[in-house]
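A.B. asks: Handing you a structure now.
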Amino acid sequence: MEFPWLFLTTFTLCLLLSFSSTAESFKRCPNCGSTRVPYPLSTGPGCGDPDYKIRCDIRGSLWFDTLNGSTNPIKLIDPSGQRFVLAPPGFEPNTCVSVDIKSHGIQLDPNLPFNVSSSNTVIIMNCTKDGLDGYISQGFNCSDNSLCHKFLNENPEARGKCRGVTSCCWYKTGASVNTYKVYRARTEKCTAYQSFMNLDLTMPVSKWGEPAVEILWEAPREPVCKIPGDCTGLVNSVCSVDPKSLGQKRCLCKKGLQWDAVNAVCEGPSRGAQTERSASDGAIYL
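Read in order, the letters of the sequence shown correspond to residues -25 to -1, 1 to 261 in mature numbering (1 follows the signal peptide of the UniProt record, and there is no 0).
Structure (structure tokens):
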């Protein structure tokens, strides 16, 4: 009498283990320290969307790695706004040179779903004549009464590190020339930069707040799948051929439901809008 019971128990256990392994293919990543990591951001294999990589260090801090070895700490994550805010690197000690000049500043991989928002005002400093001429031709404000001179004169750090520097420009990010970079710092152009988010140009420099760079991410597609079990973690979805990508399958929501990219669920139209509104106050400060 015990053998059928043992067989049933073993079968149930195997079924549960199978369910657990397939659910791992689609889930939110674990917290980084005490900080929640929202979908689609991914801190490792088996969670989030692998195209949306960020990094969690051993101290529980989140970082965004960009091209050429540059890396910046994440200060804030806003899931509903599909954005996060970076702390720019600042200056090298006692000199008007950016810390990340060797990696040429913050540059994004255009093949990944991130881009620089239009909310950043960038000050570039310590420029060569060739650098100034080139940036003036791109529409940057490098005039004698440019906002950048106000920053050089009134910001304590810039005043100390860039003493005697008179060459500078400022511009707004988000144009076609800098969708994937904040500034490419280099000795033959301008050696230092600083960025401020949502800057009110009428405010005194002392009211500009902390330096920041806003990065946006594209709304994620439904998770990729190969077999039906890969979609176990996304309730009300089926592994189907992706109509937008030949030869690929995704966990597509069942008829009557739609993919909610903010909450990473299949929901009805009215419920999806409601959950997105409720998530709008869910900014995560680090």
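For each residue, glycine too, the CB sits at the ideal point set by N, CA and C.
The model shown is predicted, which means the values in this text are computed figures rather than measured ones.
1) At which residues does the alpha helix (DSSP H) containing Glu132 begin and terminate?
2) Which parts of the region 7 to 49 are runs of the beta strand (DSSP E), unbroken and 3 residues or longer, counting only runs that do not cross its ends?
3) Taking 8 Å as the CB-CB cut-off, is Gln57 touching chain C?
4) Going by DSSP in three states, Tyr110 sits in which element: helix, strand or coil?
5) Buried or exposed: where does Gln82 fall if 16 or more other Cβ atoms within 10 Å of its Cβ makes it buried?
6) Please report the distance separating the alpha-carbon of Asn238 from that of Cys206.
7) Tell me the DSSP bridge mates of Trp145?
8) Kindly indicate which three-state DSSP category Leu51 falls into: helix, strand or coil?
9) Just the Cα atoms here: how many angstroms apart are Thr103 and Cys31?
10) Taking only the alpha-carbon atoms, compute the straight-line gap between Asp84 and Trp38 and give it to the nearest angstrom.
11) Let me know the secondary structure DSSP gives Thr250 once reduced to three states.
12) Provide the residue span of the beta strand (DSSP E) that contains Ser93, from first to last.
C.D. replies: Well, looking at it:
1) Here residue 132 refers to the residue found at position 157 when the sequence shown is read from its first residue. Glu132 -> alpha helix (DSSP H) spans 131 to 136.
2) 37 to 40
3) As a matter of chain content, chain C is missing from the structure shown, which is built from one protein chain.
4) To locate residue 110, count along the sequence shown from 1; it is residue 135. In this structure, Tyr110 counts as helix in the three-state DSSP scheme.
5) The sequence position of residue 82 within the sequence shown is 107, counting from 1. It is buried - the Cβ of Gln82 has at least 16 other Cβ atoms within 10 Å.
6) Numbered from its first residue, the sequence shown carries residue 238 at position 263. Numbered from its first residue, the sequence shown carries residue 206 at position 231. Answer to the nearest angstrom: the Cα atoms are 16 Å apart.
7) One-based indexing of the sequence shown puts residue 145 at position 170. DSSP, once it has assigned bridges, lists Ile98, Asn116 as partnering Trp145.
8) Reading the sequence shown from its first residue, position 76 is the one you call residue 51. Note: Leu51 maps to strand in three-state DSSP.
9) Taking the first residue of the sequence shown as position 1, residue 103 is located at position 128. Taking the first residue of the sequence shown as position 1, residue 31 is located at position 56. If I take the Cα positions, the gap works out to 38 Å.
10) Taking the first residue of the sequence shown as 1, we reach residue 84 at position 109. Taking the first residue of the sequence shown as 1, we reach residue 38 at position 63. So the two alpha carbons sit approximately 16 Å from each other.
11) Numbered from its first residue, the sequence shown carries residue 250 at position 275. Legend: pLDDT at Thr250 = 46, less than 50; position of this residue unreliable, no value from coordinates given.
12) Reading the sequence shown from its first residue, position 118 is the one you call residue 93. Premise fails: Ser93 is in no beta strand (DSSP E) and is neither H nor E.
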